[in-house]
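**Student:**
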Amino acid sequence: MKLYHFTGVAMLHNILAAGGISKGYFHLSDGRMLYGHSWYTSSPLPYGHGLVDGTEVLSESTKNFISRASGPNTKGPVRGTHNKRLIRLTVDSDWLKKQDTFYSMKQIMLKYGEPSLRAKILGVAGWVNIDSLSDRELMRWTKSPKLKHDTWYVHTEKLPVERILSIEFMEKTDVYVPYDFELHGRRELEKVGLYSITPQQFNELNEILQEENFTGGEVLVICNEPDAVPRIVFRNHNGAHVLAINDGSLLQCEGEKYNQHSLKILSDWVRQHSDHLMGLWNRSREDLLKYDS
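All letters in the sequence shown, in the order written, are residues 2 to 294 by our numbering.
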């Protein structure tokens, strides 16, 4: 059995930087939200799983739900959605099936004592907004052969990045091809205001900072607040470093901190390229202001 995990381009690079798949939530029928539940499916196409495609117009209640679903450490307002149908990860199903923390849909429902009809209702929600259905319409939907809930599996621990067998991008409708950051990723990130450095700059960074191997979305310029100090983010499996573009100073660190020598290399590199990085920041800021206007 093949198993897939669908996601967006920005989330793909979060996965790669974090060293594996561990994000996700399980929404219980009593309203509680359980985090650290990653979803997989045996279905090779992204339809019927409730995956957003980036075109959704969000109500305030939907924004609040997305904020809750994103976890307690989520920062900043929800401004929109990403296209989570673009990236298809094929994962090591043999490894997953050996884990005590891997469940079929039926097993996870039993584990949490969920009502027997809950799985089908979630399957309906994979296709339509169930709040817009009458009770009769909902019952009719629960009998639909289109429902995908029987293809779903949940894992409550991290799947290491080494267990991702392939990364594919939907280049045309329903056609997935091997993912390439320059061919596919860069333009998708820029659509949502995330700007990455040039291929030449990646090569330069990897030469001077030899413990890293930056390849794409690990280094980003992101403006989340119009009045924020212009910044660039460097991510790896052990954490993230945020440096000020104007002087290369360390603004924030999450996880394991670089040693002083590596920090100085990064800081010097940022100062050397500050004009180009500031241009990326201005583009990201313009995108943000345009979106919020």
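We put the CB at the ideal spot given by N, CA and C, even for glycine.
1. Using 8 Å as the threshold, is the C-beta distance between Trp96 and Arg164 below it?
2. Quick check on the DSSP output: the beta strand (DSSP E) that includes Trp40 runs from which residue to which?
3. Label Val176 either buried or exposed according to how many other C-beta atoms from any shown protein chain fall within 10 Å of its C-beta, with 16 as the threshold for buried.
4. Which value, in whole angstroms, describes the spacing of the CA atoms of Gly217 and Ser145?
5. Just curious, the alpha helix (DSSP H) that Met2 is in, first and last residue?
6. Which whole-angstrom value describes the C-beta separation of Ile223 and Ser275, a residue pair presumed to lie in contact below a C-beta threshold of 8 Å?
7. To the nearest angstrom, report how far apart Gly21 and Val178 are at their CA atoms.
8. Could you spell out the range, first to last residue, of the beta strand (DSSP E) harbouring Gly51?
9. Within its chain, find whatever has a CB closer than 6 Å to the CB of Gly249; leave out the 5 residues flanking it on each side and keep chain order.
10. Taking contact to mean at least 3 C-beta pairs separated by less than 8 Å, is the stretch 82-100 in contact with the stretch 118-135?
11. Does DSSP put Gly114 in a helix, in a strand, or in coil?
12. Along the chain, where does the alpha helix (DSSP H) that runs through Asn237 open and close?
13. Counting Cβ pairs, one atom from each stretch, are 3 or more of them under 8 Å apart for the stretch 152-169 and the stretch 27-39?
14. In three-state DSSP terms, what is Pro45?
15. Comparing alpha-carbon positions, which option in Ser94, Asn207, Gly186 lies nearest Ser197?
**Tutor:** So, from the listed chains and residues:
1. For this step, residue 96 is matched to residue 95 along the sequence shown. For this step, residue 164 is matched to residue 163 along the sequence shown. The answer is yes: Cβ separation under 8 Å.
2. Reading the sequence shown from its first residue, position 39 is the one you call residue 40. Taken as a continuous stretch (DSSP letters only), the beta strand (DSSP E) holding Trp40 covers 39-42.
3. Here residue 176 refers to the residue found at position 175 of the sequence shown. Result: exposed.
4. The count along the sequence shown starts at 1 and reaches residue 217 at position 216. The count along the sequence shown starts at 1 and reaches residue 145 at position 144. Approximately 42 Å between the Cα atoms of the pair.
5. Numbered from 1 along the sequence shown, position 1 holds the residue referred to as residue 2. Element bounds for Met2: n/a, residue is neither H nor E.
6. Counting from one through the sequence shown, the residue named residue 223 turns up at place 222. Counting from one through the sequence shown, the residue named residue 275 turns up at place 274. Ile223 to Ser275, Cβ: 16 Å. No contact.
7. Locating residue 21 in the sequence shown gives position 20, where the first residue counts as 1. Locating residue 178 in the sequence shown gives position 177, where the first residue counts as 1. Approximately 21 Å between the Cα atoms of the pair.
8. For the purposes of this step, residue 51 is taken as residue 50 along the sequence shown, with counting starting at 1. Segment: none, Gly51 is in no beta strand (DSSP E) and carries neither H nor E.
9. Here residue 249 is taken as the residue at index 248 of the sequence shown, counted from 1. Around Gly249: Ser268, Val271, Arg272.
10. no
11. Counting from one through the sequence shown, the residue named residue 114 turns up at place 113. If DSSP states are grouped into helix, strand and coil, Gly114 belongs with coil.
12. Locating residue 237 in the sequence shown gives position 236, counting from the first residue. It is not in any alpha helix (DSSP H) - Asn237 instead sits in the beta strand (DSSP E) that spans 232-237.
13. yes
14. Position 44 of the sequence shown, counted from the first residue, corresponds to residue 45. Pro45 falls in the coil class under three-state DSSP.
15. Position 196 of the sequence shown holds residue 197. Here the closest residue by C-alpha is Gly186.
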